[in-house]
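As structure tokens, the structure follows; a few thoughts come after it.
Protein chains: 2
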Amino acid sequence: MNGASLSLLALDGLPEIEPGMALAPVIAAALKRHDWAPSADDIVFVCQKIVSKSENRFLDLANVEVSEEARKLAVRCEKDPRLVEIILRESTEVIRCAPRVLIVRHRLGLVMANAGVDQSNIPNSDSHVLLLPADPDASAAALREALFQNLGASPAVVITDTFGRPWRLGVCGTAIGSSGIATLLDRRGAADRFGRKLLVTQVAVADGLAAAATLLMGEAAEGRPVVIARGLQRAWGGKAARAADVIRPLIEDLFR
Amino acid sequence: MNGASLSLLALDGLPEIEPGMALAPVIAAALKRHDWAPSADDIVFVCQKIVSKSENRFLDLANVEVSEEARKLAVRCEKDPRLVEIILRESTEVIRCAPRVLIVRHRLGLVMANAGVDQSNIPNSDSHVLLLPADPDASAAALREALFQNLGASPAVVITDTFGRPWRLGVCGTAIGSSGIATLLDRRGAADRFGRKLLVTQVAVADGLAAAATLLMGEAAEGRPVVIARGLQRAWGGKAARAADVIRPLIEDLFR
Numbered sequence: 001m002n003g004a005s006l007s008l009l010a011l012d013g014l015p016e017i018e019p020g021m022a023l024a025p026v027i028a029a030a031l032k033r034h035d036w037a038p039s040a041d042d043i044v045f046v047c048q049k050i051v052s053k054s055e056n057r058f059l060d061l062a063n064v065e066v067s068e069e070a071r072k073l074a075v076r077c078e079k080d081p082r083l084v085e086i087i088l089r090e091s092t093e094v095i096r097c098a099p100r101v102l103i104v105r106h107r108l109g110l111v112m113a114n115a116g117v118d119q120s121n122i123p124n125s126d127s128h129v130l131l132l133p134a135d136p137d138a139s140a141a142a143l144r145e146a147l148f149q150n151l152g153a154s155p156a157v158v159i160t161d162t163f164g165r166p167w168r169l170g171v172c173g174t175a176i177g178s179s180g181i182a183t184l185l186d187r188r189g190a191a192d193r194f195g196r197k198l199l200v201t202q203v204a205v206a207d208g209l210a211a212a213a214t215l216l217m218g219e220a221a222e223g224r225p226v227v228i229a230r231g232l233q234r235a236w237g238g239k240a241a242r243a244a245d246v247i248r249p250l251i252e253d254l255f256r
Numbered sequence: 001m002n003g004a005s006l007s008l009l010a011l012d013g014l015p016e017i018e019p020g021m022a023l024a025p026v027i028a029a030a031l032k033r034h035d036w037a038p039s040a041d042d043i044v045f046v047c048q049k050i051v052s053k054s055e056n057r058f059l060d061l062a063n064v065e066v067s068e069e070a071r072k073l074a075v076r077c078e079k080d081p082r083l084v085e086i087i088l089r090e091s092t093e094v095i096r097c098a099p100r101v102l103i104v105r106h107r108l109g110l111v112m113a114n115a116g117v118d119q120s121n122i123p124n125s126d127s128h129v130l131l132l133p134a135d136p137d138a139s140a141a142a143l144r145e146a147l148f149q150n151l152g153a154s155p156a157v158v159i160t161d162t163f164g165r166p167w168r169l170g171v172c173g174t175a176i177g178s179s180g181i182a183t184l185l186d187r188r189g190a191a192d193r194f195g196r197k198l199l200v201t202q203v204a205v206a207d208g209l210a211a212a213a214t215l216l217m218g219e220a221a222e223g224r225p226v227v228i229a230r231g232l233q234r235a236w237g238g239k240a241a242r243a244a245d246v247i248r249p250l251i252e253d254l255f256r
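The listed protein sequences derive, respectively, from chains W and P. Under the numbering used here, the residue at position 206 of the first sequence is numbered 206, and the numbers go up by one with no gaps. Under the numbering used here, the residue at position 52 of the second sequence is numbered 52, and the numbers go up by one with no gaps.
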């Protein structure tokens, strides 16, 4: 018997990504070193951090003018006022503020800690921070196109980040950009094994895969920012969609 | 180059699980059919539903006496008052109530829709519902012990369920019971690639794996309620812990 299967491989040996460096040739070379012949059914997971580095989303803290609002909020959340200023500029709404916690709605719609403004795994983190890609779905689409140029095959691309959760400890990987994969699988009308219509109508496919892929990436010095996955995608067969489509509409948000 | 890898396989051909049926022999037989020789480094993911069925957690709606509180709440959330009564009995707190939405804190601590009270993929769902296992961590430990008796090897066991998320569409797999795996990986003090101490201190390992495993299980008639995974576990090497330890302490909950 075969069952349904899924294989994930984190690529070793990627160089530090510098601003302006193209990701596709680097990923293509790593796939070759791992003897992985990519196909259109594969999915390439890329950590947000190297996309942001490649797109030069660095910001120098020294150039940040701190507003009165950021100064007050920084006291409440016990964070660097310059960092809080950048977080506010990246956000449309503060969702929760507590000592060492600042959860906002990023202007992309993502509800997340610190608007994704990051100081880990970047050079000069005392003076610099790294922002999310300006448009992660567009970044994913561009990378997918560039991978096709480099590989002659067109795997789907998912850009991942790790998110905290309100009622559970620990961070979990999430899809923030996507191209070529059904981010949500719609099961509306499907019947269960006893013929009853399913009430659960949507499955967060890209997030579920991203959660496993980011575990292989690691968070510390061992960081392997690219993971390739094979299996299941063709079987699911949903319509490709943006990661942005997974964001719950504001009108349905019961937790503002 | 090898990279870090992870393989998941959903087992085909499991029978419908009846109350009182032992899961370990069924899983052992399925592993054998798939030519998978289990090891102590493997992880067996088991859908909550078959654990509950095996433990006969069925409840007959006809025997439910509806309280005044449940009757009022049922109007607000547009659900069957008998179902709402059961949900309230399973819960310690109503977190959010809206038309067709009832989010509670289950007495296990899990914040979830409908207290996990389920009507899909069960026989006689017009008259019966299925509750969560009474103690999923204990169920996982017992199943791990029984698997050892049946297999001569002791893979870790994770009991999964699918959860909605407040700010994102679609359900995602989550670990609600666990034995023999580090549910949270503590990275406190680990250094990033530039020597900076990590701020993200905990990674939700069991949840991240469960998210991918449940995708292979499926939600509809194709249901494959057992997935086995190999890879990475030994590399992570954290201390085994209960799934209950992943639940954020009440005092840290900013979203009640």
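We put the CB at the ideal spot given by N, CA and C, even for glycine.
The closest CA to that of Glu-219(W), considering only Ile-86(W), Thr-160(W), Leu-102(W) and Ala-70(W), is found on Thr-160(W). Per the C-alpha coordinates, the member of Ala-146(W), Arg-107(W) and Leu-61(W) positioned closest to His-128(W) is Leu-61(W).
Unbroken beta strand (DSSP E) runs of no fewer than 3 residues, entirely contained in the segment 115-145 of chain W, are found at 128-130, following chain order. Checking the DSSP bridge columns, you'll see Ala-4(W) partnered with Ala-10(P).
When C-beta distances to chain W are compared with 8 Å, every residue of the segment 46-68 of chain P stays at or above that value. A distance below 8 Å separates the beta carbons of Ile-86(W) and Val-117(W).
Taking 8 Å as the cut-off between beta carbons, the residues of the segment 156-174 of chain P near chain W are Thr-162, Arg-165, Pro-166, Trp-167, Arg-168, Leu-169, Gly-170, Val-171, Cys-172, Gly-173 and Thr-174, in sequence order. Interface residue (Cβ-Cβ distance to chain W less than 8 Å): Ala-140(P) is not classified as such. Taking one beta carbon from each stretch, the segment 166-176 of chain W and the segment 199-212 of chain W have 3 or more pairs nearer than 8 Å; the two touch.
Three or more Cβ pairs closer than 8 Å define a contact, and the segment 40-59 of chain P meets that threshold against the segment 148-162 of chain P.
Ser-120(P) belongs to the set of residues whose beta carbon lies under 8 Å from a beta carbon in chain W.
Unbroken beta strand (DSSP E) stretches of 3 residues or longer found wholly inside the segment 38-68 of chain W: 43-47 and 58-60, given in chain order. Per DSSP, the continuous alpha helix (DSSP H) segment holding Glu-85(P) begins and ends at 81-89. In the DSSP annotation of this structure, the continuous segment of the beta strand (DSSP E) that includes Ile-103(P) starts and ends at 101-106. The beta carbon of Ser-7(W) lies closer than 8 Å to those of Ala-229, Arg-230 and Gly-231 in the same chain, with the five residues before and after it left out. Within chain W, the residues placing a beta-carbon under 9 Å from that of Thr-214(P) are Val-203 and Gly-208, ordered along the chain.
Between Val-84(W) and Ala-98(W), the CB-CB gap reaches or exceeds 8 Å.
The beta carbon of Leu-59(P) sits closer than 7 Å to those of Ile-86, His-128, Val-129 and Leu-131, all from its chain and outside the five residues before and after it, given in chain order.
Taking a Cβ-Cβ cut-off of 7 Å, the neighbours of Val-111(P) in chain W comprise Trp-167, given in sequence order. Counting the other Cβ atoms within 10 Å of the Cβ of Gly-170(W) gives 16 or more, which makes it buried. The Cβ-Cβ distance between Val-51(W) and Pro-123(W) does not fall below 8 Å. Interface flag for Glu-219(W) against chain P is set, since a Cβ pair is found closer than 8 Å. For Arg-196(P), the C-beta contacts it makes with chain W under 9 Å involve Gln-119, Ser-120, Asn-121, Ile-122, Ser-125 and Asp-126, in order along the chain.
Taking C-beta atoms as the reference points, Ala-4(W) and Leu-216(P) count as a pair closer than 8 Å. The C-alpha of Arg-100(W) is placed about 8 Å away from the C-alpha of Arg-76(W). Taking the CA atoms as reference points, Glu-145(P) sits about 27 Å from His-106(P).
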